[in-house]
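What follows is one structure encoded as C-alpha cells, with my remarks underneath.
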Amino acid sequence: MLSIQYLREHRDEALQRLAIRNFPQPELVGKALDLDEERRHVQGELDTLLAEQNTLAKQIGQLFRDGKKDEANDLKNKSTALKESVKPLEHRLAEAQKAIREVLVQLPNTPSVRVPPGTTEDENEQVYRNEVQEPALGENARAHWDLAKQYELIDFELGNKVTGAGFPVYKGKGAKLQRALISYFLDEAAKQGYEESQPPILVNEDSGFGTGQLPDKEGQMYHMQLDDYYLVPTAEVPLTNYYRDVIVDAGNLPVKLTAYTPCFRREAGSYGKDVRGLNRLHQFDKVEIVQIQHPDRSYDTLEEMKDYVASLVESLGLPFRIMKLCGGDMSFASALTYDFEVFAGAQRKWLEVSSVSNFEAFQAQRLQLRFREGKQKPRPAHTLNGSALALPRIVAALLENNQTEKGIAIPEVLVPYTGFESIK
RNA sequence: GGAGAGAUGGCAGAGUGGUUUAAUGCGGCGGUCUUGAAAACCGUUGUGCCUUAGGGUACCGGGGGUUCGAAUCCCUCUCUCUCCGCCA
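Numbering of the first sequence is given in numbering that gives the first Met the number 0, commencing with residue 0 and proceeding in unit increments.
The structure is reproduced here in C-alpha cells:
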C-alpha cells in the first residue's frame with residue numbers, strides 16, 4: 000500500500016512511476032488526495048468538538064463533587080446537544096478513512112525509476128546470462144516427465160489419484176533429491192547470515208493482507224473456509240509477517256530470514272502447454288529468503304540478494320539468465336523484480352526458478368513494519384525477498400540437462416546431501 | 001469436544017463510572033556521583049492522526065451499545081491460558 004503522505008508530498012513522482020507499469024487508473028491518485036483533503040478537514044472540526052466535550056465532562060464531574068447539581072445539569076444539556084453534532088462528523092470521518100483505504104488498496108506499488116517501461120514479458124530486459132551453454136542433447140533428449148517415469152522419480156498419476164493434478168508424488172531418488180536440495184539451499188542461506196525458521200504454512204487473513212496477497216490475489220490461495228486460514232503460496236508470507244506491527248531498531252537492520260515451506264497455489268486460470276510435468280504445480284517446495292532493510296540501503300541489498308541467488312544457480316551448473324522485469328510484468332507489490340530463468344534442455348525452454356524483489360515500503364505500509372533511527376519517528380522499513388530456490392523447475396532442468404546414456408548426473412555440490420552421484 | 005479463567009503501555013502488574021490524557025515495579029535512555037564500573041539518587045521513556053506555534057484528539061484484544069463522562073457497565077466476536085476428554 001502506498002501511503003497517503005507519500006502521495007500528498009510526491010504526487011507527480013508517484014504518477015510518473017505508476018506510468019512505468021502502465022497503470023490504467025492514474026486518476027485514483029487524485030481521488031485519494033481529494034478524499035484525504037476532506038478527511039483532514041473533518042478531523043479538524045471533530046477534534047475541536049471532542050475537546051469541548053471533554054472539557055464539559057470534566058466540569059460536570061467537578062460540579063457534582065461540589066454538590067452544584069443545577070449547574071451540572073445545565074452543562075449536561077449543553078453536552079447532550081454537542082453530542083448531536085459530533086455524531087455526523089464521526090460518521091463522515093470514518094467514511095472518509097474507509098474510502099481512502101479502498102482507493103489506496105487498489106494502487107499498485109510505484110516501480111523504481113530503474114524499471115524499464117513495458118506491458119508484457121517480451122519487454123523484460125536480460126541483465127545477465129551465465130557462461131554455461133545450452134546442452135546439446137540431440138534427437139533422443141527426453142523431457143523431465145519422461146525421465147521421471149523412466150527412473151521412477153516422480154509419480155504424477157499417483158498424486159493425481161491421492162489429490163489431483165499438480166500434486167506429484169516424489170519417490171526413491173526423486174524424493175531424496177528433493178530433500179537434498181532443501182538442505183543444500185538452507186545451509187547456503189545460513190552461510191549468508193539468514194536465520195532459519197520453520198513457519199506455519201497456514202496463515203490468517205491479516206498476514207495475507209500484509210504481504211499483498213489479499214485482497215487482490217484472493218483466488219490464487221487455497222482458503223480453509225471453516226477456520227478462515229490460507230495455505231501459504233510462499234514462505235514470504237509467514238516470514239515477512241513475523242514483523243507485522245513491529246518497530247525494529249535501526250541497529251538491527253538488516254533482518255535476514257530464511258525458511259523452507261511447501262507452497263500452494265491454485266493457479267486459477269492458467270491453462271495451456273506450460274503445465275506439463277513439473278513446470279507448473281499446485282504444491283511445490285521452495286526455500287525463500289527475506290530481508291528487512293533501511294530504505295537507504297535496500298537497493299544495494301537487492302543486488303546482493305540477486306548475486307547470491309545467481310551463485311546458487313551457478314553452483315548447480317545450470318545455464319541461466321537474469322531478467323529485469325518491465326513495469327507491466329511486475330507483481331502488484333513490487334518496485335523492482337529480477338526473475339531467474341534456467342534453460343531446460345529437452346523442452347528447450349527457459350523456466351523461471353526465482354524471483355527477487357524489492358517492495359520498498361509497500362508491504363511495510365500494510366504490515367505497519369517500521370524502524371527507528373535514534374530518536375526519530377518510526378518510518379516504514381523496506382522489505383525484500385527472493386526464491387533461493389524453487390525446486391520443481393530446478394529439478395526439471397537438472398534431469399533434462401544432465402541426462403546421458405548412463406543416467407543422470409547429480410551436481411557435485413548436492414552429492415554430500417543425496418549420497419549418490421547419479422540416477423541410473 | 002466439555003468446564004472455567006482471562007486479554008491493560010517493551011515486560012510484569014494495579015485499576016469496577018469522574019484530576020487515569022492509566023498507579024507501581026522492572027527494563028531502556030539521559031544525568032549526578034566515580035579513575036572507570038556497579039550501587040544509589042534525580043530526570044526521562046508508547047503509537048497514529050490534526051495543527052505554523054502552543055496544543056488538540058484517538059488508542060487499555062476487535063466491533064457495537066448505555067452515559068454529560070467508559071480501561072471500568074451491557075451486547076457481540078476473536079484470541080489466549082488452566083483443567084478434563086481425545087490424540088501425533
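By construction, the Cβ of each residue, glycine as well, lies at the ideal position given by its N, Cα and C atoms.
Three-state class that DSSP yields for residue i in the structure shown
i	result
residue 287	strand
residue 385	strand
residue 193	coil
residue 380	coil
residue 311	helix
residue 54	helix
residue 7	helix
residue 150	coil
residue 255	strand
residue 431	The question about residue 431 has no answer, for the chain in this structure spans 0 to 423.
residue 360	coil
residue 263	strand
residue 65	coil
residue 12	helix
residue 343	strand
residue 403	strand
residue 368	coil
residue 354	strand
Of the residues the options, the one placed nearest residue i, counting alpha carbons only
i	options	result
residue 387	0, 87, 26, 189	189
residue 282	10, 59, 391, 20	391
residue 385	288, 172, 141	288
residue 333	340, 55, 357, 162	357
residue 163	57, 170, 154	154
residue 7	29, 395, 145	29
residue 170	147, 161, 185, 192	147
residue 107	185, 82, 359, 131	359
residue 48	70, 81, 132	81
residue 83	13, 64, 52, 113	52
residue 198	230, 291, 216	230
residue 291	125, 267, 257, 275	257
residue 117	57, 302, 354, 326	326
residue 336	305, 312, 40	305
residue 211	168, 144, 239	239
residue 405	395, 423, 79	423
residue 244	209, 65, 166	209
Buried or exposed (CB count within 10 angstroms, at least 16 for buried), residue i
i	result
residue 375	exposed
residue 338	buried
residue 187	buried
residue 142	buried
residue 72	exposed
residue 280	buried
residue 119	exposed
residue 401	buried
residue 426	Nothing in the structure corresponds to residue 426, since the chain is present only between 0 and 423.
residue 226	exposed
residue 93	exposed
residue 264	buried
residue 101	exposed
residue 38	buried
residue 161	exposed
residue 214	exposed
Own chain partners of residue i with C-beta closer than 8 Å, once the 5 adjacent residues on each side are dropped
i	result
residue 75	59
residue 183	412, 413, 416
residue 181	259, 284, 286, 390
residue 309	127, 129, 319, 321, 339
residue 89	45
residue 166	158, 159, 280, 281, 282
Neighbourhood of residue i by C-beta distance below 6 Å, restricted to the same chain and skipping five residues each side
i	result
residue 393	352
residue 262	232, 233, 283, 285
residue 11	none
residue 33	none
residue 379	360, 363, 364, 369
residue 174	none
residue 314	412
Cutoff 7 Å; reference residue i; Cβ partners in own chain excluding five residues on either side
i	result
residue 0	103, 104, 361, 364, 365
residue 273	279
residue 17	25, 109
residue 35	3, 7, 99
residue 228	201, 202, 203
residue 297	357, 359, 381, 383
residue 77	55
residue 20	107, 110, 326, 327, 329
Heavy atom of the ligand FMN within 7 Å of residue i beta-carbon
i	result
residue 93	As far as ligands go, the structure on display features none, and thus does not contain the ligand FMN.
_Continuous alpha helix (DSSP H) assignments of at least 4 residues falling wholly in the stretch 196–253_ = The stretch 196–253 contains these whole alpha helix (DSSP H) runs: 204–209, 235–240.
*Entirely within the stretch 86–147 and at least 3 residues each: give me those beta strand (DSSP E) ranges in chain order.*
Scanning the stretch 86–147 from its first residue to its last, the whole beta strand (DSSP E) runs of 3-plus residues come out as 124–128.
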